[in-house]
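Undergrad: The numbering of the sequence shown is my numbering, which starts it at 58 and goes up by one. Even for Gly, the Cβ is constructed at its ideal location relative to N, Cα and C. Please read all numbers here as calculations on a predicted model, not as lab measurements.
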Amino acid sequence: MGPVEFIVLAFPEEQLRVPAVEAVMGLRKTGVVRLIDGLVATRTASGNVLAAEFDEFVELQGLLTGRDVARLIGPEDVQEAAGLLERGSCALLLVVEHVWAEDAAIAVRAAGGRIVGSVRIPLDRVPADPRAGVA
């Protein structure tokens with residue numbers, strides 16, 4: 058198995074943006090990532106936090122099926138993610154495996170190594186042309 062990551066993708070209203078959802082889910086279809094778990098979290102205009110299963114949304118139905126699915130996102134994760142949201146907005150909560158890195162992870166483990174960490178670099182710290190060096 059490759060590296061696994063919990064990702065929160067926020068949207069400015071209480072409704073998912075279908076083109077954005079389709080683009081993200083397209084990665085799953087291409088095999089770049091494997092979707093392991095997912096929920097939709099909403100912070101209502103009044104500040105209430107709601108969580109919904111994918112199958113409650115037409116555009117997300119059937120995405121979490123098969124042997125790779127594991128229920129890893131719990132109520133505390135929903136609350137933490139909702140803390141990142143403004144009132145009247147929603148987010149896709151995703152647990153994905155980076156399938157593209159699976160071969161490297163297998164080779165590292167076979168050599169007695171292990172993946173011990175991962176850090177997401179903020180976009181404002183990556184230069185437009187990475188070959189130019191760090192900003």
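Assuming leucine 84 and valine 90 form a contact by the criterion Cβ under 8 Å, report the distance between their Cβ atoms to the nearest whole angstrom.
TA: Numbered from 1 along the sequence shown, position 27 holds the residue referred to as residue 84. Numbered from 1 along the sequence shown, position 33 holds the residue referred to as residue 90. About 5 Å; that satisfies the 8 Å criterion.
Undergrad: Alanine 167 to valine 176, Cα distance in whole Å?
TA: Numbered from 1 along the sequence shown, position 110 holds the residue referred to as residue 167. Numbered from 1 along the sequence shown, position 119 holds the residue referred to as residue 176. Approximately 23 Å, taken between the alpha carbons.
Undergrad: Going along the chain, which residues of its own chain have a beta-carbon closer than 6 Å to the beta-carbon of leucine 107, five neighbours each way excluded?
TA: Here residue 107 refers to the residue found at position 50 of the sequence shown. Around leucine 107: Thr99.
Undergrad: Where DSSP assigns a beta bridge to threonine 99, which residues make up the other side?
TA: As a first step, residue 99 is located in the sequence shown; it is residue number 42 there, counting from the start. DSSP lists Leu107 and Cys147 as partners of threonine 99.
Undergrad: Which stretch, first to last residue, makes up the beta strand (DSSP E) that contains alanine 158?
TA: As a first step, residue 158 is located in the sequence shown; it is residue number 101 there, counting from the start. It is not in any beta strand (DSSP E) - alanine 158 carries neither H nor E in the DSSP assignment.
Undergrad: Report the partner residues of phenylalanine 114 according to the DSSP bridge assignment.
TA: Locating residue 114 in the sequence shown gives position 57, counting from the first residue. Looking at the DSSP assignment, phenylalanine 114 forms no beta bridge with any residue, so it has no partner.
Undergrad: Can you tell me whether DSSP reads aspartate 94 as helix, strand or coil?
TA: Translated into the one-based positions of the sequence shown, residue 94 becomes position 37. Of the three classes helix, strand and coil, the one that applies to aspartate 94 here is strand, per DSSP.
Undergrad: Run the CB neighbour count on isoleucine 93, radius 10 Å, all protein chains shown included, and call it buried at 16 or more, exposed below.
TA: Taking the sequence shown and counting its residues from 1, one reaches residue 93 at position 36. Under this definition isoleucine 93 is a buried residue.
Undergrad: I'd like to know whether the C-beta atoms of isoleucine 172 and alanine 162 end up nearer to each other than 8 Å.
TA: Looking up residue 172 in the sequence shown gives position 115. Looking up residue 162 in the sequence shown gives position 105. Yes. Within cutoff.
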